[in-house]
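There are 4 protein chains.
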Amino acid sequence: MPATATSKGERSAAELKAAALRVIARQGYLSTKIGDITAEAGKSAGIFYRYFTDKDDLLRSIADDFAAALRERVVEQSGEGHVLDGIDDIRRHVRAYWDIYCDHRAEMTAIYEASLVSAEFAAHWDGMRARHVTVWTAHVAEARRLAAPDVDARLTALAVVSMIERFCQVVAPPETEAEGDAAVEALTRLAAHGLLPPDPPR
Amino acid sequence: MPATATSKGERSAAELKAAALRVIARQGYLSTKIGDITAEAGKSAGIFYRYFTDKDDLLRSIADDFAAALRERVVEQSGEGHVLDGIDDIRRHVRAYWDIYCDHRAEMTAIYEASLVSAEFAAHWDGMRARHVTVWTAHVAEARRLAAPDVDARLTALAVVSMIERFCQVVAPPETEAEGDAAVEALTRLAAHGLLPPDPPR
Amino acid sequence: MPATATSKGERSAAELKAAALRVIARQGYLSTKIGDITAEAGKSAGIFYRYFTDKDDLLRSIADDFAAALRERVVEQSGEGHVLDGIDDIRRHVRAYWDIYCDHRAEMTAIYEASLVSAEFAAHWDGMRARHVTVWTAHVAEARRLAAPDVDARLTALAVVSMIERFCQVVAPPETEAEGDAAVEALTRLAAHGLLPPDPPR
Amino acid sequence: MPATATSKGERSAAELKAAALRVIARQGYLSTKIGDITAEAGKSAGIFYRYFTDKDDLLRSIADDFAAALRERVVEQSGEGHVLDGIDDIRRHVRAYWDIYCDHRAEMTAIYEASLVSAEFAAHWDGMRARHVTVWTAHVAEARRLAAPDVDARLTALAVVSMIERFCQVVAPPETEAEGDAAVEALTRLAAHGLLPPDPPR
DNA sequence: TATGAATGAGTATTCATTCAT
DNA sequence: AATGAATGAATACTCATTCAT
């Protein structure tokens with residue numbers, strides 16, 4: 001056998017995952033039955049269990065792929081400055097999450113929906129959010145010139161993360177690129193300056 | 001007969017609803033089976049169907065009760081100023097949602113979870129959010145001195161609403177009252193001024 | 001207490017029976033639930049079981065009433081000739097069954113439908129038919145100048161009875177009296193002379 | 001693979017139908033539960049729903065098979081004369097229905113019983129009877145030398161059809177062939193000449 | 001590796017019947 | 001006598017999972 005990097009089995013598993021993501025994008029994770037996935041993949045129902053022990057196992061695998069994809073992105077972006085010292089940095093962070101959400105809507109939908117019903121995926125989603133919050137907590141502390149993050153900084157970071165998370169769930173992906181830009185801009189401005197006009201200098 | 005004119009049937013229906021809310025608070029709506037509810041109420045399974053045609057019907061009834069409770073709150077609060085001209089007004093709005101969420105966590109959880117799986121409740125939740133967004137859109141337009149709300153004001157409002165909605169889901173209800181205050185304060189400050197310090201006067 | 005021939009209890013039982021007959025006339029016996037009957041009677045569900053042990057018991061009672069009504073009719077008609085020696089006698093018999101069917105459609109429907117599902121009522125209906133067949137068997141034998149009914153006479157009688165029985169189920173009760181007369185006439189002529197014209201005399 | 005190209009699935013569906021017919025022949029359609037059928041087929045309950053959505057769907061399928069079988073018979077018999085000009089033609093028609101009834105007792109029982117409880121099958125049975133009545137109406141008109149069938153011809157035809165229908169329900173299938181012949185003969189003679197002896201030639 | 005028929009456990013639902021009031 | 005809430009057994013139906021081919 002030649003050095004086909006992907007054996008037939010690996011390809012089948014990948015096809016099932018791809019099919020699953022298509023179905024999930026269409027009807028959500030909770031409403032998706034195993035049979036929907038195999039049908040979408042044009043395969044028989046039984047085959048699912050050769051590659052996955054159950055629906056959670058499939059999702060675990062999808063989540064792993066997703067995590068790997070994220071790691072690659074981060075690597076790509078490394079080298080950029082880490083210091084949040086202005087609205088541009090906020091925009092960059094917002095945009096990063098937004099782009100990820102647009103590109104991996106199905107994966108995130110799946111993990112999120114599963115988190116409502118399964119302790120395991122609740123922990124998974126919480127973990128992702130916690131990392132996100134940690135990043136933002138540092139930024140908040142920085143912006144506030146705190147020596148170390150306090151409870152309040154963490155709460156504020158959680159608010160930012162909540163905003164981004166839900167906003168993306170509701171809005172992404174946009175119809176046009178312009179819409180996407182507007183969405184990112186709205187988030188960015190709000191996160192940066194809030195709703196109220198700056199106090200007028202005396 | 002005591003002054004409570006509620007018939008035994010009405011009381012039973014109410015007991016089932018109360019039991020349902022307790023179970024939902026514990027395990028979520030989607031994971032709750034009819035049998036869980038009747039067991040929690042200490043009744044036999046069949047009785048459920050004397051009062052509700054199915055789980056969705058129960059939720060519809062719960063949602064109606066919830067809507068009525070909301071209307072009462074709004075009436076109580078009427079008389080207060082409607083103009084958003086400072087951080088205090090933002091705080092008041094945030095606090096209102098926060099309090100509702102703390103007091104009606106199970107109801108909101110149920111409707112929200114159902115919205116992921118049922119078109120009917122998706123519409124219900126979207127409607128609630130849309131009303132919320134409309135209110136905030138007006139406020140944003142005001143704060144920005146806009147003659148009329150523009151697309152961007154609406155996006156910003158959606159960001160605010162997303163933040164509050166998701167933040168409450170993650171945090172509420174708090175262990176102590178102080179925690180609640182801190183949460184509300186964090187949301188308020190972020191919504192009002194954002195993360196960045198005001199531009200220093202030259 | 002005055003000499004009210006019917007106590008309140010007896011009246012309630014009668015009301016339930018009357019209600020049952022109305023419902024059965026409307027939707028058939030098999031589709032009728034206990035609750036339909038008590039609702040029709042404007043009573044609560046539980047009361048049914050004070051007067052009847054179950055649906056079969058009710059039907060038994062209805063069947064008894066019906067049998068009594070039949071007996072009265074027969075008494076009224078006694079005195080008329082019993083000999084079948086012409087089409088008029090056939091007509092009289094047909095008409096009698098037809099009238100009974102029109103007047104007691106619900107009762108007969110109930111017993112008949114029950115006979116498809118319950119051995120007891122199958123026996124009941126078969127018994128009624130058997131008596132009917134016996135009468136007609138005698139007539140057939142007479143018409144054929146047989147000393148004693150033979151197998152064939154019994155089969156022919158069964159054919160006549162089947163015809164009347166089923167025809168009434170399908171047609172009765174008629175909209176107008178004229179329709180009823182036509183129906184009876186059609187049955188009578190067929191039973192008397194059959195479809196074919198008499199052999200022409202040589 | 002043998003010459004029978006029927007897939008395993010088709011065979012299973014057929015087995016379920018066959019099992020259903022056996023059970024129905026034994027206990028009637030209305031008393032038959034899904035579980036009775038799968039048990040009779042030696043299968044688990046769930047399998048039923050791979051092939052049929054519910055009991056009505058099964059019956060629909062059975063009715064279709066039955067209709068197809070009838071159509072084949074009719075084709076076989078075509079070529080025979082269509083004119084009713086004597087007792088032999090009557091006998092032929094009677095015999096045809098009788099044979100069908102004997103061969104397809106379960107099917108007809110099922111559709112008939114369902115017709116008492118379901119509008120759909122009531123329409124189905126009525127349709128079958130209506131076609132039957134139409135055929136006989138033409139014959140009656142012919143025998144009576146009518147230019148066109150009148151109301152009375154139709155009523156008479158309905159009487160004939162009623163007779164055959166109910167008679168078969170009660171008697172078929174016979175124990176021996178001779179009994180069957182006698183049954184057909186009794187129906188035929190009654191339909192042809194009625195009960196009364198022909199008027200004696202003067 | 002793939003198929004798709006079969007299984008069985010879990011859940012929903014109905015309704016005759018009982019029972020406290 | 002009457003009410004109507006409550007029970008529980010019977011039954012329907014779904015779907016993840018297994019298994020023979």
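Chains as they are written, first to last, in UniProt numbering: chain U, 1 to 202; chain H, 1 to 202; chain Z, 1 to 202; chain W, 1 to 202. Beta carbons are placed, not taken as given, at the ideal position from N, Cα and C, and that holds for glycine.
When secondary structure is reduced to three states using DSSP, W:F121 falls in the helix class.
With contacts defined by Cβ atoms closer than 7 Å, W:V94 and W:T188 form a contacting pair.
U:E165 reaches chain H at R166, counting residues in chain order whose Cβ is nearer than 7 Å.
Contact between W:L59 and W:I111 is confirmed by a C-beta separation of about 7 Å, below the 8 Å threshold. For W:H193, the enclosing alpha helix (DSSP H) stretches over residues E177 to H193. Residues of chain U with a Cβ closer than 7 Å to the Cβ of H:S162 are, in chain order, M163, R166, F167 and V170. Beyond the five residues adjoining it in sequence on each side, U:A141 comes within less than 6 Å, by CB distance, of P149 and A153 in the same chain, given in chain order.
Below the 9 Å Cβ cutoff, chain W contributes A143, R144 and R145 as neighbours of Z:P197, in chain order. The beta-carbon separation of H:L21 and U:V117, rounded to 18 Å, does not stay under the 8 Å limit for a contact. Using a CB distance below 8 Å, the part of the region 85 to 108 of chain W facing chain Z consists of G86, I87 and I90, ordered along the chain. Restricting attention to U:D88, U:Q27 and U:A96, the CA atom closest to the CA of U:V74 is found in U:A96. Scanning the region 97 to 165 of chain U from its first residue to its last, the whole alpha helix (DSSP H) runs of 4-plus residues come out as 105 to 115 and 119 to 143. Against chain W, the CB of Z:A63 has no partner CB under 7 Å away; the residue lies outside that interface.
Looking only at U:Y51, U:D36, U:E179 and U:E76, the smallest Cα-Cα distance to H:V151 is reached by U:E179. Using a 10 angstroms sphere on the CB of U:D89, the tally of other CB atoms reaches 16 or more, which defines it as buried. With a cut-off of 8 Å on Cβ pairs, the region 130 to 140 of chain Z is not in contact with the region 63 to 70 of chain Z, counting fewer than three such pairs. In this chain, the alpha helix (DSSP H) harbouring U:L21 covers K8 to Q27.
Taking 7 Å as the cut-off, the Cβ atoms of W:E76 and W:A41 do not count as close. In this structure, DSSP gives H:S61 a helical state, which the three-state scheme calls helix.
Excluding residues up to 5 positions away in sequence, T188 lie with their Cβ nearer than 6 Å to the Cβ of U:R91 in the same chain. Annotated three-state conformation of Z:K55 is helix, per DSSP. In this structure, U:I37 sits near U:V23, with a CB-CB distance shorter than 7 Å.
Spatial neighbours of H:Q27 in its own chain (CB-CB distance under 8 Å, excluding positions within 5 residues in sequence) are listed in chain order as D36. Excluding sequence positions up to five before and after H:H104, its CB lies within less than 8 Å of the CB of F66 and A69, all in the same chain and listed in chain order. Annotated as proximal: Z:A186 and W:L155, with beta-carbon spacing under 7 Å. Leaving aside the five residues that flank W:L158 on each side, the residues in its chain whose CB is nearer than 7 Å to its CB run, in chain order, V133.
Using beta-carbon distances, U:A19 does not count as an interface residue toward chain H, since no partner is under 7 Å. Counting other Cβ atoms within 10 Å of its Cβ, H:A119 stays below 16 and is therefore classed as exposed. Residue burial annotation: Z:T109 is buried, with at least 16 other C-beta atoms found within 10 angstroms of its C-beta. W:L195 is the residue among W:L195, W:K43, W:K8 and W:A25 whose C-alpha sits nearest the C-alpha of Z:R145. Distance check between Z:A18 and each of Z:A123, Z:E107 and Z:D57 places Z:E107 closest, using alpha-carbon atoms only. Relative to the Cα of H:S44, the nearest Cα in the group H:S12, H:W125, H:A122 and H:R71 belongs to H:S12. Judged by DSSP in its simplified three-state form, W:G46 adopts helix.
Per DSSP, reduced to three states, the secondary structure at U:T32 is coil, with no helix or strand assignment. Ranked by Cα distance from U:V171, the first of H:D126, H:G86 and H:V171 is H:D126.
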